[in-house]
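S.K.: Going by our numbering, the residue at position 123 of the sequence shown is 171; the numbering climbs one at a time, nothing skipped.
Glycine included, C-beta positions come from ideal geometry on N, C-alpha and C.
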Amino acid sequence: MNLLDRHIFTSVLLTCAAAVGLFAFVVALPNVVKDLLTPLLAGQFGIGTFIRLVGLIIPFAVTYALPMGILTGVLLTLGRLSADSEITAMRASGISVLQTARPVLVLGVLCALAALYVNLESAPWARTQFYRELAAAVRANPLRVIEPKTFIRSFSGTVLYVGEKDGAILRDIWLWELDDQSRVRRLVRAEAGRLDYEEATNSLIPTFVNAKTEERDAENPEDFSKSPNAPSARTTAGVRIALDKYFGRSLERRKDDWLPYDALRAKQAQLAAEVPAPDKVGEMARKRMELSLILHEKFNLSLAVFAFALIGVPLGIKVSRRETSANLGLALLLVVAFYLLTVAVRWLDRRPELRPDLLLWLPNVLFIALGAWLFSRIDRK
49 MNLLDRHIFT SVLLTCAAAV GLFAFVVALP NVVKDLLTPL LAGQFGIGTF IRLVGLIIPF
109 AVTYALPMGI LTGVLLTLGR LSADSEITAM RASGISVLQT ARPVLVLGVL CALAALYVNL
169 ESAPWARTQF YRELAAAVRA NPLRVIEPKT FIRSFSGTVL YVGEKDGAIL RDIWLWELDD
229 QSRVRRLVRA EAGRLDYEEA TNSLIPTFVN AKTEERDAEN PEDFSKSPNA PSARTTAGVR
289 IALDKYFGRS LERRKDDWLP YDALRAKQAQ LAAEVPAPDK VGEMARKRME LSLILHEKFN
349 LSLAVFAFAL IGVPLGIKVS RRETSANLGL ALLLVVAFYL LTVAVRWLDR RPELRPDLLL
409 WLPNVLFIAL GAWLFSRIDR K
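#1: According to DSSP, is residue 222 helix, strand or coil?
#2: If I follow the unbroken beta strand (DSSP E) through residue 213, where does it start and stop?
#3: Across the segment 355-366 and the segment 413-421, are there enough close Cβ pairs to call them in contact, namely three or more that are closer than 8 Å?
#4: Under the DSSP definition of a beta bridge, which residues are partnered with residue 241?
#5: Considering just the uninterrupted stretch of the alpha helix (DSSP H) at residue 79, what are its terminal residues?
#6: Compare the C-beta of residue 161 with all C-beta atoms of chain C and state if any pair is closer than 9 Å.
#7: I believe residue 308 touches residue 172 by the beta-carbon criterion, under 8 Å. Please report the beta-carbon distance rounded to the nearest angstrom.
#8: Hey, residue 253 and residue 238: beta-carbon distance below 9 Å or not?
#9: Leaving out the 5 sequence neighbours to the left and right, which residues in its chain are closer than 8 Å to residue 337 when beta-carbon positions are compared?
#10: What's the C-alpha gap between residue 153 and residue 354?
#11: Between which two residues does the alpha helix (DSSP H) carrying residue 405 extend?
#12: Report the rounded CA-to-CA distance for residue 392 versus residue 290, giving the unit in angstroms.
#13: Using the C-alpha atoms, what's the distance from residue 339 back to residue 331?
#14: Just mark residue 111 as buried or exposed, buried being the case when its beta carbon has 16 or more other beta carbons within 10 Å.
#15: With C-beta atoms as the reference, is residue 195 less than 9 Å away from residue 207?
#16: Roughly how many angstroms lie between the CA atoms of residue 83 and residue 198, to the nearest whole one?
#17: Taking contact to mean 3 or more Cβ pairs, one atom from each stretch, closer than 8 Å, check whether the segment 133-152 and the segment 91-103 are in contact.
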């Protein structure tokens, strides 16, 4: 690289790094608030564990922040150079647009390779490790998730309210059990009780004293024309509070998109070797297509980094704006269009005969073609 190449490369790199950091923060923040803030405030784990868990969210956030960040960085840097007439000076000196874009495209290739590693290896490992460490922190003292005078909605299928808490002894207990549609199917009201952790099922087992139970119709809990079954007892059996939020995403039941590349390929080969029953052919085809979509999407998001770098060069030169807000707006518009196209293709996962795994590449093909066309137009001027 000559001096000009190094100058453009460094400028774009620093701007892209700042943009990726900003977008990663935006993507990671909801996960931090939803999964970590409540246990931290409840004293479930210390600040050191909190920082490490936040660090494990970052690779997942970078998966989506890197394409947005590279596009924003290219638009901001080249837009500023064009607005200051530096691009014009380069072209007057005999430097073509392609030569100007060379360090940006090199950076795009390097970032695409980095994104490929993050998508295939780093993010799946970090996602799995995040829930493993979160589960270990909660398992150390599972009763700390109970906050008095708070409606606790983080349990799977259960909402719990406790008026007072003294160790494992609870007072003024309200427990709502929900069905699959989040409708109340059973309400338990108790003067007092205790919660015991059952490690085998990763559940809290309550024992209630002076409890009153109101059970709704199982088929239609919201049909209030039917009188609820409301027995009273000193204890209530059969109630179980699942800690699926913390333990249900364990390695045994983790999602396929959390699997690293080798595990995905192994599972894909396993499904390909299975011979389904005649009535399961459609279901097996959908399972195979879902795995293929996951794999293609990881490669697709990596290529998107280069596609955005490519389209960002002519757009940045053509827009010729120093204003950060204008360039950010243009970047967000392009990113939203890209992800809307991707989501539209993902909706076809139930139609494997349409090959949505191949159609998933359409947004990248369109963006690369648009970038090449814009390059040719600018280079002729």
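M.R.: The answer reads as follows:
#1: Here residue 222 refers to the residue found at position 174 of the sequence shown. Correct three-state label for residue 222: strand.
#2: Here the question's residue 213 lines up with position 165 in the sequence shown. Start and end: 206-214.
#3: yes
#4: The residue you call residue 241 lines up with position 193 of the sequence shown. Residue 241 is bridged to 218, 256.
#5: Looking up residue 79 in the sequence shown gives position 31. 51-80 is the span of the alpha helix (DSSP H), which, as asked, contains residue 79.
#6: Considering every chain present, this structure includes no chain C. It has just one protein chain.
#7: Your numbering for residue 308 matches position 260 in the sequence shown. Your numbering for residue 172 matches position 124 in the sequence shown. Indeed, because the Cβ distance is near 5 Å, the residues count as touching under 8 Å.
#8: The sequence position of residue 253 within the sequence shown is 205, counting from 1. The sequence position of residue 238 within the sequence shown is 190, counting from 1. No; because the gap between Cβ atoms is not below 9 Å, this pair is not in contact.
#9: In the sequence shown, the residue the question calls residue 337 occupies position 289. So the qualifying residues of the chain are 397, 400, 404, 405.
#10: Position 105 of the sequence shown, counted from the start, is the residue given in the question as residue 153. Position 306 of the sequence shown, counted from the start, is the residue given in the question as residue 354. Spanning the two alpha carbons is a distance of roughly 7 Å.
#11: Here residue 405 is taken as the residue at index 357 of the sequence shown, counted from 1. Counting along the chain, the alpha helix (DSSP H) containing residue 405 begins and ends at 404-407.
#12: Looking up residue 392 in the sequence shown gives position 344. Looking up residue 290 in the sequence shown gives position 242. Taking the straight line from one Cα to the other gives about 35 Å.
#13: Walking along the sequence shown from the start, residue 331 turns up at place 283. Walking along the sequence shown from the start, residue 339 turns up at place 291. Whole-angstrom Cα-Cα distance: 13 Å.
#14: On the sequence shown, residue 111 is found 63 positions in, with the first residue counted as 1. Buried is the call here.
#15: Stepping through the sequence shown from its first residue, residue 195 is reached at position 147. Stepping through the sequence shown from its first residue, residue 207 is reached at position 159. No, these two residues do not count as a Cβ contact at 9 Å.
#16: Here residue 83 refers to the residue found at position 35 when the sequence shown is read from its first residue. Here residue 198 refers to the residue found at position 150 when the sequence shown is read from its first residue. Those two C-alpha atoms are separated by around 16 Å.
#17: no
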